């Protein structure tokens, strides 16, 4: 039995997904989605704590970045990572379409 095979049997799930700084791919994708939500004006800016006006070009840029990541990582992701990325892209694209409609917010902060 190869000792490397033995090591992988006891490796916790997802441990290989962490980069040098300990962030997982899922956490990275979610942080980009969080930034997009700030640009949509849906959640407060984590630095200022204030709701920002919607910045659709910045939100579109985050969607484009996630789309680029999706295309460049194709074939290298686990099923869970691929599903997470596809779901986030789907939801952000729908949100972008909704944000382009006039008066998309019913209640303003």
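In this note's numbering, the protein residues as written are 43 to 151.
Idealized CB from N, CA, C, for every residue including glycine.
Values in this document were obtained by computation on a predicted structure and should not be read as measured data.
Query	Result
Any non-hydrogen atom of the ligand MN closer than 7 Å to residue 133 Cβ	Although the ligand MN was asked about, the structure shown includes no ligands whatsoever.
Proximity winner among 120, 121, 97, relative to residue 79 (alpha-carbon distances)	97
Rounded Cβ spacing between residue 127 and residue 108 (contact assumed at less than 8 Å)	7 Å
Closest by C-alpha distance to residue 124, when choosing among 64, 94, 72	72
Contacts around residue 69, its chain only, beta-carbon distance under 6 Å, and the 5 residues preceding and following it disregarded	none
Residue 93 - DSSP class collapsed to helix/strand/coil	coil
Buried versus exposed call for residue 130 [16 or more other C-beta atoms within 10 Å across all chains shown]	buried
Unbroken alpha helix (DSSP H) run spanning residue 116, endpoints	From DSSP, residue 116 is part of no alpha helix (DSSP H); its letter is neither H nor E.
Three-state secondary structure assigned by DSSP to residue 144	coil
Residue from 136, 101, 140, 66 whose Cα sits closest to the Cα of residue 76	101
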